[in-house]
Every structure is written in structure tokens, then in C-alpha cells.
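For reference, the structure is listed below as C-alpha cells.
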């Protein structure tokens, strides 16, 4: 929609084809219905891509401040939450309605219930592409000068996620990188799963680390495993078989803290001491895992070496997920149309004039926190300037 009204404001005649019964479904469900529409601090380091520089041009051409200005222009109330994330104060519907108003004002035509059948490049005439589609059971054929692929990706198929954008890319000789679910909860198959079931609903702040990246946010225990912002963020850097390192006491050298506590609170039990830092239900589980034989001993009777080991485990709990929940619950798809075949300045396919790719279908994936929406706005605006 942002691409559509940007192009229409330039005098282009624009038609948006939407597969679902209404536009903006992913916007409506995001952020618990409040839509985390951008972030105050947006940098290339907030994105994953085989080419980490690719996103820079579009992000600088249409910044978070540009979108915030549009939101304010429409009188939409918003708030800043942790990690500089911006959310609608009332409803995500405000963002959808804003985009629809801009489209309407610019003369954009939107048609729903459209299922794409086939795309063909034309060899002659003013139109470059021919499209066949099924619209609510009626077969249609359209031609256009520019075709923008804004199909999203494989995540959340119930909201229309599909691989049709990749099929179009391959049809025109564009490579597609390996894809996998991103910003997705972890699952476990061993005793960890049983523990997660018992702790389901409990959230605790942790630092999650994998393959050299770390995030300090809440971790949520679920019936299937672990979720919450920290785990969703680190899932982008995890591959099957990789260990996850969880620091349950971020910013605290737990081994030193325990040794000092032993000197100052010799009669206390370890579970009592840890109650200052962690929820009791989690401590009970860790006690069974790490010091079952010493659970009723006062600190004075626990050896320094044992306390050091427990402290090291608190700062570096090593977990081996059996997998993730996959595309069903993933917020994004990692990978996509290879950016090597796309102009970073225009988002047009280098070898296929008039064919553009924007948003999640490309191999550009943002961290949690409004970055994927900002990439949608930035890439959409950029393509809208050139179609």
C-alpha cells in the first residue's frame, strides 16, 4: 500500500491485487493488535541478509522519522515501549486505515480475493507484463508496465503467507536463498519440555546467546518450550544442533555473588538466597537439576567449588532445542529473493526491467521491535518512486 500510493502520487495508475478478503491482515495481528509500526533507532545492524549493506539505501531514503511523521499527520496516538519500540495507543486498525486513506487520496485501486495464476513477460508494446488471475471464481487477464511483488513470505500461512513471490523470482531467473522460520519459539523433546510445561506462563529476563549474538529481554516458558522476545530474537541466529546459552542473571557474576552470600548469610539455603533474583517456581526446577543432594543444606555446608559451578550454570545455562515451531507461528521468514539480482537503489530486478521486489519476500529480515515493518515502509516507498 505504501508503494502504491507513493507511485500514484507521481501520477502512475496503480492497481493493488490482494489475495485475502481484506488488506493489512498482518498489520492487524501484530503487536497484540497494537502494531509495533517502527522503532526510534533503525540501523543496518538490525537486519539479517546475505548482503548486510543492501538495506541501507532504502532505509535512508525513507526513514523511521518519515513514517512517524505520516502517523502524526493522521493524528494517530502512539507510545514508546522498551527498546525504543513504537506502538499504536489504540489499535493497529489505525495504521491500516491510514494507508487506505493515502491510497484513496492518491487514486489507488485495490481489489481483493485475487489469486495469481500466471505471470508472463511481453515482448512488444507499452505493457511489459501479462497476469492471469482468479478473482472470486472469475478468470481475469491484466497487463502492466511495472509489476511489484509484495507477497510477503512463508510465515503465518493463515494470514496469507506463501511462496508465490519466490516462484515469480525463479521464473525470471532470480536466485532465491535458503529460507527458514525466524522470530519463532523453540521446542524441546527431553526433560526440558516437561520442565517448560510445568513453568508454562512464567516470564523471566535473561540474556540469550547463540553464534556470537546476544539479546537481553524476557524469556517465556510455554507448553511446547520457550518463547518471549529474547528467544524470538535469538532464533534468527540459531541452526538445528546449535546450543543456546541462557544467562538467568544478566549483569551479575553469579559465582562471585554466591560465594559472597555464603560469607554473609551462612545459615541461608541456596533457594532462599536465589529468591532475591528469580521466581520460586523456576528455582525449584533448577534445584532439582543442579543441586538435588544439597537442597536442604545451609550455604555454610556447601563447598565453594559447588557454588561456583551453580553460579556458572546460572550465567550459562546450556540448552539444546529439538527445533522451532516453524512457519506456523514464525513472525518472519529468513532468506528470500537473493539481493544480488536486485538494485538496492530502486528495488528493480537488474536483468528484468519493470519487475520489483519489496518487503519480506526479499532476503532482508529485521529483528523484533518494528524493524520488519520499517523495511516494508522503506522498500515500498523506494520502489514507489521508480515504478
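Numbering (full-length UniProt numbering), first residue to last: 1 to 387. Cβ atoms here follow ideal geometry from the backbone N, Cα and C, with glycine treated the same way.
Check                                                                                                          : Outcome
C-alpha gap between residue 102 and residue 255, whole angstroms                                               : 57 Å
Extent of the continuous beta strand (DSSP E) run through residue 246                                          : 244 to 247
Nearest-angstrom Cα separation, counted from residue 361 out to residue 149                                    : 8 Å
Classification of residue 357 by the beta-carbon crowding that lies within 10 angstroms, buried from 16 upward : buried
Residue of 292, 57, 5 minimising C-alpha distance to residue 105                                               : 5
Alpha-carbon spacing of residue 135 relative to residue 110, whole angstroms                                   : 12 Å
Contacting residues, own chain, Cβ-Cβ under 6 Å from residue 302 (five flanking each side not counted)         : 294
Inter-residue Cα distance where the pair is residue 96 and residue 33                                          : 12 Å
Whole-angstrom C-beta distance between residue 384 and residue 2, which should lie under 8 Å                   : 7 Å
Span separating the alpha-carbon of residue 117 from that of residue 172                                       : 15 Å
Residues bridged to residue 327 (per DSSP)                                                                     : Its beta-bridge partners do not exist; DSSP assigns none.
Selection from 42, 58, 52, 31 that minimises the alpha carbon distance to residue 344                          : 58
Residue 78 - DSSP class collapsed to helix/strand/coil                                                         : strand
Within 7 Å, strictly: CB atoms of residue 229 and residue 218                                                  : yes
The stretch 182 to 189 in contact with the stretch 203 to 218 per 3-pair CB rule at 8 Å                        : no
Straight-line gap, residue 233 to residue 139 (C-alpha atoms, nearest Å)                                       : 42 Å
Beta-carbon proximity list for residue 46, same chain, < 7 Å, skipping 5 on both sides                         : 366, 367, 371
Per-residue burial, residue 17 [other beta carbons within 10 Å of its own, 16 or more giving buried]           : buried
Cβ shell of residue 143 (< 6 Å), same chain only, five flanking positions each side left out                   : 127, 130
Status (buried if at least 16 other CB within 10 Å, exposed otherwise) for residue 192                         : buried
Contact between the stretch 326 to 343 and the stretch 282 to 301 (3+ Cβ pairs under 8 Å)                      : no
Opening and closing residue of the beta strand (DSSP E) in which residue 223 lies                              : Looking at the DSSP string, residue 223 is not in any beta strand (DSSP E), and its letter there is neither H nor E.
Simplified DSSP state of residue 365, which is helix, strand or coil                                           : strand
Neighbour flag for residue 316 against chain D, beta carbons, 7 Å                                              : Looking at the structure shown, chain D is missing, and only one protein chain is on hand.
Reduced DSSP secondary structure (H/G/I, E/B, other) of residue 187                                            : strand
Classification of residue 288 by the beta-carbon crowding that lies within 10 angstroms, buried from 16 upward : exposed
Backbone secondary structure at residue 110 - three-state DSSP                                                 : strand
Spatially closest choice to residue 43 from 54, 339, 132, 267, by CA coordinates                               : 54
Cutoff 7 Å; reference residue 27; Cβ partners in own chain excluding five residues on either side              : 35, 92, 95, 96
Identity of the residues DSSP links to residue 204 by a beta bridge                                            : 219
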